[in-house]
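Some notes on the structure that comes next.
There are 2 protein chains.
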Amino acid sequence: MYKVTFQFENGDDVTAFAAPGENLLEVARKTNVAIDAPCSGNAACGKCRVKLAGGELDSAKTRHITEEEYAQGWRLSCVSKVVADVEILVPDIASAYRSRMKVADLGSAEELQIFEKTKADIADAGIAFKNDLEVVSVVMEEPSLDNTMPDNERLVWAVEDACGVSSVKLPFAVLQKLAEVLRKSAFRVQLVIRRADDLAEVLDILSADEKAQVCGLAVDIGTTTVSALIIDMTDGAILAKASAGNGQIRYGADVINRIIEQQKDGGRKKLQDAIISETLNPLIDAMCGASGVSPQHIYRMCVAGNTTMNHLFAGVDADPVRMEPFIPTFFETDSLYAQDLGLHIYPHARIIMAPNIGSYVGGDITAGTLASTIWNSEEMSLFIDLGTNGELVFGNSEFMMSCACSAGPAFEGGDISCGMRATDGAIEACTIDKETMEPTLTIVGDEGQKPIGICGSGIIDIISELFRCGIISPKGKFIREGERIRHDKYGMGSYVIAFKKDAASVKDIELTEVDIDNFIRAKGAIFSAIRVMLGSLDFDVSMIERVLVAGGIGSGINMKNAVSIGMFPDIELEKFTYIGNSSLSGAYAMLYSSEAEAKVADVAHNMTYLELSNEPSYMDEFVASCFLPHTDATLFPSLEMK
Amino acid sequence: MYKVTFQFENGDDVTAFAAPGENLLEVARKTNVAIDAPCSGNAACGKCRVKLAGGELDSAKTRHITEEEYAQGWRLSCVSKVVADVEILVPDIASAYRSRMKVADLGSAEELQIFEKTKADIADAGIAFKNDLEVVSVVMEEPSLDNTMPDNERLVWAVEDACGVSSVKLPFAVLQKLAEVLRKSAFRVQLVIRRADDLAEVLDILSADEKAQVCGLAVDIGTTTVSALIIDMTDGAILAKASAGNGQIRYGADVINRIIEQQKDGGRKKLQDAIISETLNPLIDAMCGASGVSPQHIYRMCVAGNTTMNHLFAGVDADPVRMEPFIPTFFETDSLYAQDLGLHIYPHARIIMAPNIGSYVGGDITAGTLASTIWNSEEMSLFIDLGTNGELVFGNSEFMMSCACSAGPAFEGGDISCGMRATDGAIEACTIDKETMEPTLTIVGDEGQKPIGICGSGIIDIISELFRCGIISPKGKFIREGERIRHDKYGMGSYVIAFKKDAASVKDIELTEVDIDNFIRAKGAIFSAIRVMLGSLDFDVSMIERVLVAGGIGSGINMKNAVSIGMFPDIELEKFTYIGNSSLSGAYAMLYSSEAEAKVADVAHNMTYLELSNEPSYMDEFVASCFLPHTDATLFPSLEMK
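Protein chains in written order, with this note's numbering: chain E, 350 to 991; chain Z, 350 to 991.
So this is what it looks like as structure tokens:
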């Protein structure tokens with residue numbers, strides 16, 4: 350075995366051991382060192398580059414590494430074999446993906462306000478916030494030589510009596526602790542009960558003096574980012590919040606590469622472990638630690654994710670999702686319990702999944718549509734979820750149509766060299782002085798917080814401002830010179846937003862032409878999807894009465910700038926509202942409210958799905974949209990007039 | 350760590366490693382070296398004696414080891430600490446317990462005949478041999494861009510149609526393999542279905558060309574011996590049979606010591622592992638290997654065992670079973686699935702347990718009572734199950750009363766120095782010439798099989814013959830001299846049944862006074878229980894119209910000899926029948942037939958339970974019965990007349 354040391358620019362070190370000849374990217378994956386590999390290790394994308402800092406690698410040469418770079422030690426990890434002890438420098442463009450778990454990072458006042466507003470909107474739409482869980486106290490006669498009923502029958506009788514039901518179910522987990530709890534508390538116990546019609550299922554049994562806590566877990570499984578809430582199921586109070594990078598990222602940036610990866614031997618297990626053991630369980634443990642909730646008191650879970658994420662989460666083959674005729678194993682399922690998946694919560698907790706409606710419109714969108722409440726209004730509304738898969742729903746209380754496009758992780762700061770999620774230290778807004786080209790930044794966090802990176806809303810502002818100031822061309826190339834403008838030896842330009850001395854970062858925070866290009870493709874995917882979907886209905890953007898924007902892009906999103914770079918259609922700015930992480934808000938509602946759970950199923954059944962890849966015009970629209978703001982300037986009349 | 354080598358008289362060696370100061374009995378248990386410890390390591394019984402063959406032990410002296418024995422190297426393992434590398438000789442009296450797994454050892458023609466007879470009796474009593482499992486073939490339309498129903502909905506529709514049910518359940522295990530199987534076989538599949546009223550549960554899905562095999566597993570979990578069958582659920586054919594020692598034996602010979610052991614830290618897990626991981630899973634693997642059945646095709650399991658065995662099997666606290674008021678967690682339960690217990694069969698297989706009716710009358714008796722068919726006859730019948738717990742049922746189609754007594758493992762060859770189960774090489778019958786004192790033996794197995802040890806029926810014959818020939822006294826002490834009679838230096842007598850040269854054994858096969866004493870106490874427990882139970886009903890033995898004897902004692906049982914040693918009441922010999930392992934036959938019936946399953950519940954509900962320990966006369970009756978044949982000779986008039 351050889352020793353492999355992964356070094357990070359922030360000074361962190363991770364050590365692993367590899368067999369002679371083992372693939373370096375595989376070693377990194379096994380060690381949970383997240384090296385960006387959007388193509389999943391097929392030497393196609395050139396993103397998994399690392400730098401040899403000591404020792405030796407047996408690496409094939411590829412078109413992605415120049416001779417000069419090769420001489421400097423740059424290698425593609427997917428074509429490198431370990432042949433000796435070796436030290437590897439993992440560059441920041443990759444380490445930006447390292448899972449940054451943050452407990453309570455949805456705690457910003459604005460985010461919380463947006464969340465509470467969504468809850469209120471759902472309640473206003475007539476959804477009662479009530480669920481099927483309750484705590485029931487029962488007192489049984491103690492057994493004696495004259496009263497010899499066994500414990501389980503004694504409990505069933507007591508539950509039938511207390512709940513007025515004729516059928517009671519005791520799962521194995523309760524059977525196993527029954528004798529001990531009953532005797533410890535002299536046959537006075539508290540029960541966590543799940544009711545369904547005439548049936549009461551005893552989920553848990555606690556002694557009379559234990560604190561009965563009935564909690565729930567809502568999770569938004571995004572392709573790039575996973576966000577979660579633990580709530581009190583009795584009053585809906587949020588007890589903990591957290592988010593983290595999706596651990597599957599090292600198996601590909603988008604769903605297609607992950608599906609390809611899960612097709613390999615043992616791949617399903619690897620992808621499932623990456624989301625469950627490496628992402629969700631640590632997230633649950635951290636939230637429980639922060640809030641004092643016992644994981645064993647989480648009795649219900651709701652998951653919202655796209656169709657692929659749902660299948661990989663359940664350990665179910667996702668390959669049919671990407672292969673014509675695109676038929677997944679399930680849209681909806683009630684077969685899942687926590688113990689089946691190895692989740693660190695109550696083993697018999699039921700897992701509710703927001704239903705998918707197609708291979709590329711999943712539970713994140715049905716849950717998000719619930720949260721958007723567009724189904725409750727006569728106004729023609731456009732709901733846009735800016736995730737790695739960008740998803741759109743257009744409609745009102747009469748009809749709804751949805752579609753999805755692959756935008757990549759740029760909106761969440763992925764695929765951007767200094768990108769990050771909208772947490773403390775993120776540049777969330779920016780203006781640039783046209784004369785001096787000096788930026789003025791707004792940073793997420795407390796007064797005095799120094800910038801660490803750029804979140805989605807910040808990138809929109811910077812690109813919009815660079816374009817407005819004539820610093821970049823409509824194609825995103827630098828066309829002015831200055832202290833903050835740099836070109837590397839290959840000619841790639843970049844703009845320094847914050848010099849290292851002013852930043853809480855190990856290097857200058859900059860936006861490169863590659864970053865800008867990635868973002869332009871992301872925004873182009875969204876805009877072209879809007880055009881094609883409305884076109885398929887013979888609608889025009891002028892008919893849109895409101896636009897609800899969701900996603901991890903950040904509450905700082907400047908709609909005017911988003912329009913001016915051609916991401917959103919050029920309509921009145923008052924029509925735009927940012928509604929935060931609607932997938933998580935929807936999952937929250939489904940978790941806490943059985944009526945919301947039913948409503949989402951209803952929404953899913955009534956939604957039409959448009960498969961963009963079947964629309965002949967989509968590719969042309971996309972290409973035309975990869976421009977600032979668009980190749981057809983007439984689509985942006987308000988910009989023309991300026 | 351020190352090296353501990355356990356040596357056996359047959360030349361086997363087992364090596365283990367122990368921490369300095371570690372208890373030797375614990376080391377043996379961890380290593381699966383079964384040293385007999387009926388008192389479970391409390392230095393009370395003196396049975397865990399081993400001999401130091403090399404190295405050193407730090408052992409307390411006890412009353413169980415004389416000074417001379419101590420000097421010879423004899424030690425009690427439960428009071429010995431490992432303080433150096435050490436070699437330990439495990440004497441045969443202990444190694445007799447070593448788990449002797451035997452696949453197909455119920456295969457003797459007599460045993461099989463008895464088993465088939467029992468099946469026929471149950472069928473004659475009107476029980477239909479049918480169950481809720483079936484294989485259904487379905488053909489679905491293949492999905493297309495115009496038919497985009499997801500796999501699970503497609504399957505549910507097909508099942509509703511094929512089975513005429515309105516509700517279909519797909520467990521997680523099926524969801525996980527759905528996509529692959531459907532596509533591999535072009536949407537033509539076979540389903541293993543469990544039906545209940547209007548519900549069809551899809552237990553498994555197989556491609557059209559796979560061989561669908563629907564098997565079941567019946568297990569009799571005895572305190573000393575575990576027996577099992579794998580059957581074809583479609584026609585009831587027996588595909589494999591096996592038995593093995595219960596791996597829990599090293600935690601105590603009887604249920605009380607095992608309950609005490611499971612009360613210790615981690616004890617429940619240890620006892621459950623001993624029965625599941627160490628006994629049942631190897632037994633299942635061996636049977637599947639022998640018969641070519643895939644463990645994944647075992648979709649239903651039925652377990653018959655006493656109340657303690659059932660609780661330890663389920664990993665449920667058994668302590669309340671032994672503590673007044675003797676209330677177990679369950680008599681019946683439908684909460685158990687194979688995956689909960691880590692059994693090597695289909696994870697979602699339901700586990701049916703023959704119901705317990707009291708702390709000391711369990712599922713082995715309710716299942717056995719089903720097999721005895723005494724509930725189907727007007728004749729007053731006595732059903733006797735000769736196990737480690739001896740259990741009795743008396744009654745007819747009008748009423749039934751049951752009771753249990755602790756007989757110890759002697760009937761199965763346990764607690765007997767040369768004892769063994771009724772498998773190949775067991776001496777199952779014996780006569781002794783009064784003059785020469787030479788024995789004539791009947792050995793289980795093929796022509797020419799040499800004796801290995803003595804099974805229960807053989808012990809009855811030998812004791813009866815020794816008594817008839819005046820070789821032993823009514824107290825079981827040797828009172829004649831001869832070549833085959835020996836006395837060791839402490840004066841303990843023994844009778845050599847087969848000299849080493851004539852045996853397939855590493856030493857002479859003999860019966861010692863300690864063996865005889867153990868057996869007399871076992872038979873005394875049975876006889877006194879019969880007396881007390883009949884007495885409580887104001888019945889007399891003369892009113893018994895038939896006696897059905899069950900248990901692992903062997904089909905060779907000589908009823909006349911059993912009467913002559915005072916084990917069974919002195920009534921006409923034609924009234925006695927040996928019905929084999931009724932617990933396993935009952936479990937078989939319940940496994941294969943849903944009606945039998947219901948019938949056992951019915952039998953259990955209608956059976957009265959007599960707690961012998963609450964009967965003041967029981968102890969006196971027991972003491973009076975520990976004599977050949979009994980202290981009150983008038984109870985055995987037929988013997989008097991000889």
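Even glycine gets a Cβ: it sits at the ideal position worked out from N, Cα and C.
*Once you ignore the five residues that flank S708 (chain Z) on each side, which residues in its own chain have a CB closer than 7 Å to its CB?*
Exclusion of the five residues before and after S708 (chain Z) leaves T656, V670, F675, P677 as the residues of its chain whose Cβ lies within less than 7 Å of its Cβ.
*Could you tell me which residues DSSP pairs with W423 (chain E) in its beta bridges?*
E:K400
*In chain order, what residues of the same chain lie with their CB nearer than 8 Å to the CB of T957 (chain E), ignoring the 5 residues before and after it?*
F748, M749, M750, S751
*DSSP three-state call for Y937 (chain E): helix, strand or coil?*
helix
*Just the Cα atoms here: how many angstroms apart are D634 (chain E) and L566 (chain E)?*
Distance between the alpha carbons of D634 (chain E) and L566 (chain E): 12 Å.
*Count the other C-beta atoms from every protein chain shown that fall within 10 angstroms of the C-beta of Q999 (chain E), then say buried if there are 16 or more, exposed otherwise.*
This structure cannot speak to residue 999 (chain E), because chain E is shown only from 350 to 991.
_I'd like to check one pair, S943 (chain E) with N480 (chain E): are the Cβ atoms closer than 7 Å?_
yes
_I'd like to know if the segment 926-939 of chain E and the segment 704-720 of chain E are in contact, where contact means that at least 3 CB-CB pairs between them fall below 8 Å._
yes
*May I ask you to verify whether the segment 511-523 of chain E touches the segment 548-561 of chain E, counting CB pairs closer than 8 Å and requiring at least 3?*
yes
*Note the first and the last residue of the continuous beta strand (DSSP E) segment covering G654 (chain E).*
That run of the beta strand (DSSP E) goes 647-654.
_Would you say Q645 (chain Z) lies against chain E (beta-carbon separation less than 7 Å)?_
no
*Do the CB positions of V439 (chain E) and V399 (chain E) come within less than 7 Å of each other?*
yes
_Nonlocal neighbours in the same chain, by C-beta distance under 8 Å from I625 (chain Z), ignoring five residues either side_ = F662, L690, G691, L692
*Below 6 Å CB to CB, which residues in the same chain sit around A899 (chain E) once its five sequence neighbours on both sides are set aside?*
Excluding sequence neighbours, A899 (chain E) sits near G717, D734, I928, S931.
*Between the beta-carbon of M939 (chain Z) and the beta-carbon of C564 (chain Z), is there less than 7 Å?*
The criterion of a C-beta distance shorter than 7 Å is not satisfied by M939 (chain Z) and C564 (chain Z).
*With distances taken Cα to Cα, identify the nearest neighbour of E832 (chain E) among E:K826, E:K430, E:K838, E:S843.*
E:S843
*Using a C-beta cutoff of 7 Å, does A950 (chain E) count as contacting chain Z?*
no
_DSSP beta-bridge partners of L504 (chain E)_ = Paired residue(s): none; L504 (chain E) is not in a bridge.
*asked:* By DSSP's criteria, G802 (chain E) is part of a beta bridge. Which residues make up the other side?
replied: E:A775
*Would you identify the three-state DSSP class for E673 (chain E), choosing helix, strand or coil?*
In the structure shown, E673 (chain E) falls within a coil segment according to DSSP collapsed to helix, strand and coil.
_Counting only C-beta atoms, is T678 (chain E) closer than 7 Å to chain Z at any point?_
yes
*Comparing alpha-carbon positions, which option in Z:L883, Z:L685, Z:P704 lies nearest G654 (chain Z)?*
Z:P704
*M769 (chain Z) and A778 (chain Z) look like a contact to me (Cβ under 8 Å); what is the Cβ gap, rounded to whole Å?*
Rounded, the Cβ-Cβ distance is 14 Å, inconsistent with contact.
*Chain-ordered chain E contacts of N659 (chain Z) [CB-CB under 8 Å]*: By Cβ distance, chain E contributes nothing, its closest Cβ being about 11 Å from N659 (chain Z), past 8 Å.
*Which bits of chain E does V665 (chain Z) rub up against, with CB to CB less than 8 Å?*
L524, Q525, L527, A528
*Would DSSP call R992 (chain Z) helix, strand or coil?*
What the structure shows of chain Z is the stretch from 350 to 991, and residue 992 (chain Z) is not part of that stretch, so it cannot be assessed.
*asked:* When you compare the CB of S448 (chain E) with every CB in chain Z, is at least one pair closer than 7 Å?
replied: The predicted model places S448 (chain E) with a pLDDT of 38, which falls under 50 and marks its position as unreliable, so this point remains unresolved.
_D889 (chain Z) to K824 (chain Z) span [Cα, whole Å]_ = 26 Å
*Do you know offhand how far L977 (chain E)'s Cα is from M916 (chain E)'s?*
9 Å
*Own chain partners of F985 (chain Z) with C-beta closer than 7 Å, once the 5 adjacent residues on each side are dropped*: G915, D919, P978, H979
*Closest Cα partner of T572 (chain E) within the set E:P644, E:D547, E:P758*: E:P758
*How is the beta strand (DSSP E) around I733 (chain Z) delimited, first residue to last?*
730-735
*asked:* Is it buried or exposed, S684 (chain E), if we count other Cβ atoms within 10 angstroms and call 16 or more buried?
replied: buried
*Quick one: is S684 (chain Z) near chain E, going by C-beta distance under 7 Å?*
yes
*Closer than 8 Å by beta-carbon distance: list the chain Z residues that pair up with G689 (chain E), in chain order.*
The displayed chain sequence assigns Asp, not Gly, to residue 689 (chain E). Result: F521.
_Quick check on M750 (chain Z): does DSSP put it in helix, strand or coil?_
Here M750 (chain Z) sits in strand by DSSP.
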